[in-house]
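Only one structure is covered here, and it is reproduced in the block below.
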Amino acid sequence: MPIRGRCILSRMTIDALIMLAGAFVLIEPQLGFPNSWDGVLLFIAGVVIVALGIAVRRRGLREASRPQEAAERV
Numbered sequence: 001m002p003i004r005g006r007c008i009l010s011r012m013t014i015d016a017l018i019m020l021a022g023a024f025v026l027i028e029p030q031l032g033f034p035n036s037w038d039g040v041l042l043f044i045a046g047v048v049i050v051a052l053g054i055a056v057r058r059r060g061l062r063e064a065s066r067p068q069e070a071a072e073r074v
């Protein structure tokens, strides 16, 4: 199997990334990072989850508006 220059994250869907970020938030306290790192890592994970949630919402709104646009053209 040839190695390609793509990262595994580039092939994941947004939904899978949300689940991965949620799993990270779930196990992060058990990983043993110092308390100062915990806050930073959880903050970054929270920002990622919010950004992915916004992307999912925009995708849903865009897909919902497509049938209406097609009906208006007819």
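When we follow the numbering used here, the leftmost residue of the sequence shown carries the number 1, and every step to the right adds one.
Note that the Cβ used here is the ideal one computed from N, Cα and C, for glycine as well.
* Asked: Would you call the segment 48–59 and the segment 17–27 in contact, with 3 or more CB pairs under 8 Å?
  -> yes
* **CA-to-CA distance, Q30 to F43, given in whole angstroms** => Roughly 16 Å separates the two Cα atoms.
* Asked: Using DSSP with H/G/I as helix, E/B as strand and the rest coil, what is M1?
  -> For M1, the pLDDT reaches just 48, beneath the cut-off of 50, and the residue's location in the model is therefore unreliable, leaving the point undetermined.
* Asked: The alpha helix (DSSP H) spanning M19 covers which residue range?
  -> I14 to I27
* Check F43 in the structure and name its three-state DSSP category. => helix
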